[in-house]
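Taking it in order: structure first as structure tokens, then the write-up.
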Amino acid sequence: MLDDFLMRAALAGIGLTLATGPLGSFVVWRRMAYFGDATAHAAILGVALALATDLPVGLGTLVVALAMAVTVSVLAGKGWAMDTTLGTLAHAALAFGLVAISFVHGVRTDLSAYLFGDILAVSKTDLAFIWGGASLVLGIIVWRWSRLLTATLNEDLAFSAGIDPRRERLILTLALAVVVAVALKVVGALLIAAMLIIPAAAARGVARSPEAMAVLASIIGAAASVGGLALSLWQDTPAGPSIVVCAALAFALLAGVGLRRAST
Amino acid sequence: MSLLSGNTAMSLLSAANICVRFGETEVLHDVSLKVDPGEIVTIVGPNGSGKSTLLRALLGIVPVAEGSVVRQSGLRIGYVPQRLQIDRSLPMTAQRFLSLPERQKPEAVAAALRRVGVPETANRMLTDLSGGQLQRVLFARALLAEPEILVLDEPTQGLDQPGEAGFYRLIEAARKETGAAVLMVSHDLHVVMAASDRVICLNGHICCEGTPHVVSNAPEYRALFGLGTHGALALYQHVHDHDHTHDHGHDHSHEPHHHDPHPAKVTSDA
Numbered sequence: 001m002l003d004d005f006l007m008r009a010a011l012a013g014i015g016l017t018l019a020t021g022p023l024g025s026f027v028v029w030r031r032m033a034y035f036g037d038a039t040a041h042a043a044i045l046g047v048a049l050a051l052a053t054d055l056p057v058g059l060g061t062l063v064v065a066l067a068m069a070v071t072v073s074v075l076a077g078k079g080w081a082m083d084t085t086l087g088t089l090a091h092a093a094l095a096f097g098l099v100a101i102s103f104v105h106g107v108r109t110d111l112s113a114y115l116f117g118d119i120l121a122v123s124k125t126d127l128a129f130i131w132g133g134a135s136l137v138l139g140i141i142v143w144r145w146s147r148l149l150t151a152t153l154n155e156d157l158a159f160s161a162g163i164d165p166r167r168e169r170l171i172l173t174l175a176l177a178v179v180v181a182v183a184l185k186v187v188g189a190l191l192i193a194a195m196l197i198i199p200a201a202a203a204r205g206v207a208r209s210p211e212a213m214a215v216l217a218s219i220i221g222a223a224a225s226v227g228g229l230a231l232s233l234w235q236d237t238p239a240g241p242s243i244v245v246c247a248a249l250a251f252a253l254l255a256g257v258g259l260r261r262a263s264t
Numbered sequence: 265m266s267l268l269s270g271n272t273a274m275s276l277l278s279a280a281n282i283c284v285r286f287g288e289t290e291v292l293h294d295v296s297l298k299v300d301p302g303e304i305v306t307i308v309g310p311n312g313s314g315k316s317t318l319l320r321a322l323l324g325i326v327p328v329a330e331g332s333v334v335r336q337s338g339l340r341i342g343y344v345p346q347r348l349q350i351d352r353s354l355p356m357t358a359q360r361f362l363s364l365p366e367r368q369k370p371e372a373v374a375a376a377l378r379r380v381g382v383p384e385t386a387n388r389m390l391t392d393l394s395g396g397q398l399q400r401v402l403f404a405r406a407l408l409a410e411p412e413i414l415v416l417d418e419p420t421q422g423l424d425q426p427g428e429a430g431f432y433r434l435i436e437a438a439r440k441e442t443g444a445a446v447l448m449v450s451h452d453l454h455v456v457m458a459a460s461d462r463v464i465c466l467n468g469h470i471c472c473e474g475t476p477h478v479v480s481n482a483p484e485y486r487a488l489f490g491l492g493t494h495g496a497l498a499l500y501q502h503v504h505d506h507d508h509t510h511d512h513g514h515d516h517s518h519e520p521h522h523h524d525p526h527p528a529k530v531t532s533d534a
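Protein sequence lines correspond, in order, to chains A and B.
So for the first sequence, the working numbering puts the first residue at 1; every next one is plus one.
So for the second sequence, the working numbering puts the first residue at 265; every next one is plus one.
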């Protein structure tokens, strides 16, 4: 069944959302949306470096995304104004990446594959990389769930319970870099943050517990992946953006449900 | 130093000559204190005197620039922060919150919420609770850790007077029941002083300390809190006398097992 490109595409989308559901929930709870953007945009620079040095794209992306995530964390720890810092780093990383890629011969034509994903061209190797990375992130989050949640809720409470919130923050940062590397092929650098935030925000409208929100975010993300692929097939729209469009529609729908529930 | 020359080994928490700096600013200077099992110790001081910083340094949240903090190994701490700001994006019921970070049995959670008088909050979102309810939920969570010491940072801030009095009764009852020590930061002097074994008056350094009675008569304390506190002190005395003569509950300083292990003293450095 893996020989069918549509099946591979659907499995790639679903695999990614295993990780983006829970991780995206933490991104929303900790207000790391811009942080996710900066890390994701750095992926383009990673692509350029990988192409220039003949390394696998996934590895280049992972290394540069990690470097960006750690840089941002360190700057945040030093008390820089996060809004401005992240805005600067996110767009600088993107611009540097685009300029660097223009030096690499022959890539300019399919740049959009890196910006908006190329889910219909996912190979079996890509699929293994996506499922491997996503399972790793999901496993880490499940393993440390209570500690991550306590540290997210209140750092002082975490400290008093013997949990070091800095370590938990670092773990989320590393997980984010892995997800960026994994998601590049699926939705592209520009829309990775959307896959983290939109399904989680949609789930928030109806979830009554953190666990429900994380699981529901994964389900919404998976449904959006399948829906986006169908839309792409039916109307010949770009697949990555179509997936995000479906997630956004789910958000609008569930936000409406949440509002109605709150008003009764 | 003199504080630590005693039986330090038995103390739950102790700090020796600690200094805490934020950048150039020295927030705490040469502070030493310890808390023994079962004691109620209250830290009072004006705004910006470093009360919360001292608690956070004792818990290991804030690093000390000089001196040392020693916590008994494996010490179970029930911490009630000054306030809990919860992002609305995080759906969390009171019940779920009480199971963090350690899973608790549903019966234990329900019992803890009943004990602090807010059983109705179990299935409600933390973000929908009133300030008083949230403080009680935080206290219930602290109790579930079966703490050897309860650490409370201005737990009644933002509560009205009946709410405040009720909360202090809750703390006293929990202390009596569990035998946990209590280390508390407060600004409302009269209520707190009546319940404390020891009061530490802080203003960047320890100005004076001792039993409530000794501290309230110390010139350093009076200088720090000014004339305005005469009213509060009068009220404290009144509450104290009232309790005593009518025998509503027990005044802690008169209970035999709370026999003050630290002879009241006033260390003056002003």
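Note that the Cβ used here is the ideal one computed from N, Cα and C, for glycine as well.
All of these numbers come straight from a predicted model, not from anything done at the bench.
Query	Result
Would A:Ala151 and A:Ala19 be called neighbours here (beta carbons separated by less than 7 Å)?	no
Tell me, to the nearest whole angstrom, how far the beta carbon of A:Leu89 is from that of A:Ala38; I am working on the premise that it is less than 8 Å.	5 Å
Is there a C-beta anywhere in chain B that falls below 7 Å from the one on A:Ser209?	yes
From the DSSP output, in three-state form, read off B:Thr306 for me.	strand
Does B:Arg388 get closer than 7 Å to chain A when you measure Cβ to Cβ?	no
To the nearest angstrom, how far is the alpha carbon of A:Val47 from that of A:Ala212?	35 Å
Name the one or two DSSP bridge partners that B:Tyr485 has.	The partner list for B:Tyr485 (beta bridge, DSSP) is empty, contrary to what the question assumes.
Check the Cβ of A:Trp29 against every Cβ in chain B and list those closer than 9 Å, keeping chain order.	Asp351, Ser353 and Leu354
Would you mind sorting B:Glu428 into buried or exposed? The rule is 16 or more other CB atoms within 10 Å of its CB.	buried
The segment 138-151 of chain A: which residues have C-beta closer than 8 Å to a C-beta of chain B, in chain order?	Ser146, Arg147, Leu149 and Thr150
Apart from the five residues on each side of it in sequence, which residues of its chain come closer than 8 Å, Cβ to Cβ, to B:Ala232?	This structure cannot settle anything about residue 232 of chain B, because the visible part of chain B is limited to 265 through 534.
Could you give the DSSP three-state label for B:Arg335: helix, strand or coil?	strand
Do B:Ile304 and B:Val446 have their CB atoms nearer than 7 Å?	yes
Which of the three DSSP states, helix, strand or coil, is assigned to B:Lys298?	strand
If you draw a straight line from the C-alpha of B:Glu418 to the C-alpha of A:Leu66, how long is it?	40 Å
Please state if the CB of B:Glu484 and the CB of B:Leu276 are separated by a distance shorter than 7 Å.	no
Ignore the nearest five residues each way along the sequence and tell me which others in B:His293's own chain have a CB closer than 7 Å to its CB.	Cys283, Gly468 and His469
For B:Tyr343, which residues does DSSP report across the bridge?	B:Val415
Using only CA atoms, which one of A:Ala177, A:Val178, A:Leu148 and A:Val179 lies nearest to A:Asp164?	A:Leu148
If you run the structure through DSSP and keep just helix, strand and coil, what is B:Ile470?	strand
Are the Cβ atoms of B:Val401 and B:Lys315 separated by less than 7 Å?	no
Going by CA-CA distance only, name the one from A:Asp4, A:Gly21, A:Val74 and A:Phe5 that's closest to A:Ala192.	Contrary to the premise, residue 192 of chain A reads as Ile rather than Ala in this sequence. Residue A:Gly21 is the option with its Cα nearest to A:Ile192.
With a floor of 4 residues, list each alpha helix (DSSP H) that falls wholly inside the segment 380-416 of chain B, ordered by position along the chain.	395-408
Assign B:Glu366 to one of three DSSP states: helix, strand, or coil.	coil
Answer yes or no: does any C-beta atom of chain A fall closer than 7 Å to that of B:Leu483?	Contrary to the premise, residue 483 of chain B reads as Pro rather than Leu in this sequence. No, its Cβ sits nowhere closer than 7 Å to a Cβ of chain A.
Quick one: what's got a C-beta closer than 8 Å to A:Leu174's C-beta in the same chain, skipping five residues either side?	Leu66 and Ala69
In this structure, how does DSSP classify A:Ala19 when only helix, strand and coil are distinguished?	helix
Taking only three categories from DSSP, how would you classify B:Leu318?	helix
For B:Val382, I'd like the list of residues in its chain whose CB is within less than 7 Å of its CB, leaving aside the five on either flank, ordered along the chain.	Gln397, Arg400 and Val401
Pick out whichever of A:Thr125, A:Ala52, A:Val178 and A:Val186 has its Cα sitting closest to the Cα of A:Leu115.	A:Val186
In angstroms, rounded to a whole number, what distance separates the CA positions of A:Ala250 and B:Pro345?	37 Å
Does B:Pro365 get closer than 7 Å to chain A when you measure Cβ to Cβ?	yes
Is the Cβ of A:Ala161 closer than 7 Å to any Cβ of chain B?	yes
From B:Pro327 to A:Asp3, what distance separates their C-alpha atoms?	58 Å
Compare the Cα-Cα distances from B:Leu408 to each of B:Glu371, B:Gln425, B:Lys440 and B:Pro426 and report the closest residue.	B:Glu371
In chain order, what residues of the same chain lie with their CB nearer than 7 Å to the CB of A:Met32, ignoring the 5 residues before and after it?	none
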